[in-house]
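Chains as they are written, first to last, in this note's numbering: chain D, 950 to 1504; chain U, 38 to 373.
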């Protein structure tokens, strides 16, 4: 191109830009520089974008972190613990057999759209969650998970009905008592939403479309009762802004605006915090904890509410059906060393398949003593010396209970090999087949774990061993598999809390001493980090922090 | 010329069709899938089966493909399962495209603006310290991975010296008006100068990080090409004719040396698209690359299909444009 033509094109481009400029108008309100008020903005770095804003269909932590600030459940969780406390309901009492629960509601709550919160709203919510179309039944994952079924299959549903007996009193009927109810009402998915907004936004209008689901408008226009209201999701810039709800029934939030910024890369989140452009982020890498503290940030360590275990599959490897073999492997692992060298500060050796914060935890159980010599003897007695084990770990994943799966695996593998076990290394990526393979029983042994949804023993050991046909431990191959599943269900149905806890404590002892379906390894505390000047963050074992108590430097 | 363009466009349709089959089959042959990604630890066989059925993944592959194509010809490429659940996959592509265009454009401008003049200078001053330094510099550009370059740039320019923002496209709370999705252009069009300036500042580091490889390639090709041309008889003849150095450089050396460079620039668009995956992740830019990374991790088939095929189509299209540019620069190609 000659200089003349270059000049001509440049001029043309400038003219075009000028013409376009005359058609584009700024949407800015005069005098408003953005932001929502004068009490500061708390900016939190999120690892991923939220899926949507209707918690009922949501499944992942990044979504719940956002919706938790806008929605509340009938029951809440005491900040800093896993304990159930009143939230929108002030009291709840069961009938004698634990099937009818009467909830007394707060009488001073309104939804963000001005609609009153009352017993009718509660029942409208339950009915909305129960009455899902085919797509909704698959997408409404948490309801399916805790309630078992939907309106088209009432016989298999825990939820049966809801009745508004008074303006602020609702009675919920369930099919049978369980430790999960009403604790499950603390689940973010089961939050209370404005019935009017649900109806107007056609909240249940979900449809299967091609290889996904299409969601109704409501999923992006959520209306709850919480301390923050929905502001805007700027998808192109990866920010979600929430504004303080000045009509909140409780103490108003300390900051006027709460912003979540999507920053997928962990080291970038750290750099953003160091540059002062965000005020905090979740799950800092444990190797950075000290450095972060030294540069004036504060690393808030949560109590562990998870378990890392080594799962067995006696179905694929019959040698594992021998209790002596499992006991040998149990004492072959040096848990103390593993916790000290591979896991972050505050991690603990597991003595059973649940952390101590859960009711039903058996305080008398001791961690198995590390004894490789005895392990070899036991293996010899079982005729399994030199046994071969396909043992797997996942890649491309970091979970609160296993920050670095490969490192944990290497430590476990070294211990197993030290007692003469031939380990055949297997691996797959987390979303690329690992979970499928575990469920399909393709490995003799594997590492996996669980983070609790709420304070219920059944949410841990019931999930692991309560369903004989569908569990990753292959307990159906064991003579005691059925008994264990039955015992768990029976304990779960005990109405009296103390009695129920005692029953679970006994089962925990039995699991560790008689059955040993797998090896509980450790509980690892996840942390979050906030920058200088941020106060009021209360770390939650359930990673369910509420940011209304947070204030930002000087304000 | 028109026939040439038409023929190439028809070829492009063929490429896209073949690619759609390959991508469809390839994605589904990978272990795992959207069901694992959606259910995580909570996936019991029963719930996996229900979800698989709801998503139509329980059908044989050919049936799945035919269903997909049936919808695709009507412009329906399916909805996202995880990147932005429920959103039309094609809409996600268009929503994410401006960020990637903006980033790639600035990266390309940097690569060309530095690569061609420096390549030319290095050739003219072959063997001098300037030549050696720039050659080493370009080698480093190719050798160092983008995420590391990105990390260092962020560390010094954003964290240590606080000159530029760490990541993202625009500061929070700026209240910028969106017109085209190209943030810098939007700021100019709406005369929100602070928004344009803010977006530009956000672009500097990622664009530099992304530009390193194209810069190195353009620089080296320019240098080699100029060196070749400088040896040609016609340059010597021009010198003997007594033409001024300026005329020789402009009319004979640069014009002839630039042809291979133009081809290279076209090919670099592919490199930019693949580089964008890492750059966008490291700099939290919500573009095609970031969507690809998320979709791949979570096995979001509809989004992956649209993004991969669209990226390929863009690549083919850009190379078509390069061929046209070629024809403009070199009249001999037009007549062939």
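We put the beta carbon where it would ideally sit given N, CA and C, even for glycine.
Straight-line Cα distance separating residue j from residue i
| i | j | result |
| --- | --- | --- |
| residue 215 of chain U | residue 221 of chain U | 10 Å |
| residue 1427 of chain D | residue 345 of chain U | 48 Å |
| residue 980 of chain D | residue 294 of chain U | At residue 980 of chain D the pLDDT is 42, less than 50, meaning the model places this residue with poor confidence; the figure from the coordinates comes in the next sentence. Each residue's Cα considered, the two are about 55 Å apart. |
| residue 1179 of chain D | residue 203 of chain U | 27 Å |
| residue 115 of chain U | residue 1162 of chain D | 9 Å |
| residue 1190 of chain D | residue 1169 of chain D | 13 Å |
| residue 251 of chain U | residue 140 of chain U | 13 Å |
| residue 327 of chain U | residue 73 of chain U | 21 Å |
| residue 374 of chain U | residue 272 of chain U | Residue numbering for chain U in the displayed model covers 38 to 373; residue 374 of chain U lies beyond these limits and cannot be assessed. |
| residue 78 of chain U | residue 1379 of chain D | 10 Å |
| residue 1358 of chain D | residue 1077 of chain D | 44 Å |
| residue 983 of chain D | residue 323 of chain U | Low confidence applies here, because residue 983 of chain D scores a pLDDT of 40, under 50, leaving its location unreliable and the question unanswered by this model. |
| residue 1323 of chain D | residue 1352 of chain D | 31 Å |
| residue 1389 of chain D | residue 1203 of chain D | 49 Å |
| residue 996 of chain D | residue 1159 of chain D | 28 Å |
| residue 1150 of chain D | residue 1165 of chain D | 7 Å |
8 Å Cβ cutoff met for residue i and residue j
| i | j | result |
| --- | --- | --- |
| residue 1173 of chain D | residue 1492 of chain D | no |
| residue 1103 of chain D | residue 1050 of chain D | no |
| residue 351 of chain U | residue 301 of chain U | no |
| residue 1413 of chain D | residue 1422 of chain D | yes |
| residue 1054 of chain D | residue 1044 of chain D | no |
| residue 88 of chain U | residue 1346 of chain D | no |
| residue 1338 of chain D | residue 1277 of chain D | no |
| residue 1417 of chain D | residue 1229 of chain D | no |
| residue 366 of chain U | residue 263 of chain U | no |
| residue 1289 of chain D | residue 1300 of chain D | no |
| residue 1398 of chain D | residue 1350 of chain D | yes |
| residue 156 of chain U | residue 84 of chain U | no |
| residue 1284 of chain D | residue 1460 of chain D | no |
| residue 975 of chain D | residue 209 of chain U | no |
| residue 1024 of chain D | residue 1135 of chain D | yes |
| residue 374 of chain U | residue 349 of chain U | The structure shown does not extend to residue 374 of chain U, since chain U is modelled only from 38 to 373, so the question has no answer here. |
Residue i, enclosing beta strand (DSSP E) - first and last residue
| i | result |
| --- | --- |
| residue 1342 of chain D | 1337-1344 |
| residue 1371 of chain D | 1371-1378 |
| residue 1050 of chain D | 1049-1054 |
| residue 1109 of chain D | 1108-1115 |
| residue 460 of chain U | In the structure displayed, chain U extends from 38 to 373; residue 460 of chain U sits before or after that span and is not available. |
| residue 1247 of chain D | 1247-1250 |
| residue 1163 of chain D | 1161-1163 |
| residue 1450 of chain D | Here residue 1450 of chain D belongs to no beta strand (DSSP E); instead the alpha helix (DSSP H) covers 1446-1459. |
| residue 1471 of chain D | 1467-1472 |
Under 7 Å by beta carbon: chain A residues contacting residue i
| i | result |
| --- | --- |
| residue 80 of chain U | The question asks about chain A, but that chain is absent: this structure's protein chains are D and U. |
Limits of the unbroken alpha helix (DSSP H) element including residue i
| i | result |
| --- | --- |
| residue 1238 of chain D | 1238-1243 |
| residue 63 of chain U | 39-66 |
| residue 1255 of chain D | Element bounds for residue 1255 of chain D: not the alpha helix (DSSP H) but the beta strand (DSSP E), 1255-1261. |
| residue 265 of chain U | 230-267 |
| residue 1094 of chain D | 1090-1096 |
| residue 1172 of chain D | No alpha helix (DSSP H) holds residue 1172 of chain D; DSSP gives it neither H nor E. |
| residue 358 of chain U | 338-366 |
| residue 1388 of chain D | 1384-1388 |
Per DSSP, the bridge partner or partners of residue i
| i | result |
| --- | --- |
| residue 1193 of chain D | D:1177 |
| residue 130 of chain U | The partner list for residue 130 of chain U (beta bridge, DSSP) is empty, contrary to what the question assumes. |
| residue 1149 of chain D | According to DSSP, which records beta bridges pairwise, residue 1149 of chain D is partnered with nothing at all. |
| residue 1349 of chain D | Paired residue(s): none; residue 1349 of chain D is not in a bridge. |
| residue 277 of chain U | According to DSSP, residue 277 of chain U bridges with nothing at all. |
| residue 1020 of chain D | Paired residue(s): none; residue 1020 of chain D is not in a bridge. |
| residue 1141 of chain D | D:1021 |
Whole-number beta carbon distance between residue j and residue i, since they are thought to touch under 8 Å
| i | j | result |
| --- | --- | --- |
| residue 898 of chain D | residue 1061 of chain D | As displayed, chain D neither begins before 950 nor continues past 1504, which places residue 898 of chain D out of reach and without an answer. |
| residue 337 of chain U | residue 71 of chain U | 7 Å |
| residue 1457 of chain D | residue 1311 of chain D | 4 Å |
| residue 1107 of chain D | residue 1259 of chain D | Contact flag wrong, Cβ pair sits at about 32 Å. |
| residue 332 of chain U | residue 53 of chain U | With a Cβ gap of about 19 Å, residue 332 of chain U and residue 53 of chain U do not count as contacting. |
| residue 1122 of chain D | residue 1042 of chain D | That pair is no contact at about 14 Å. |
| residue 1485 of chain D | residue 1498 of chain D | 4 Å |
| residue 143 of chain U | residue 244 of chain U | 4 Å |
| residue 314 of chain U | residue 129 of chain U | Not confirmed; about 15 Å, so no contact. |
| residue 312 of chain U | residue 183 of chain U | 6 Å |
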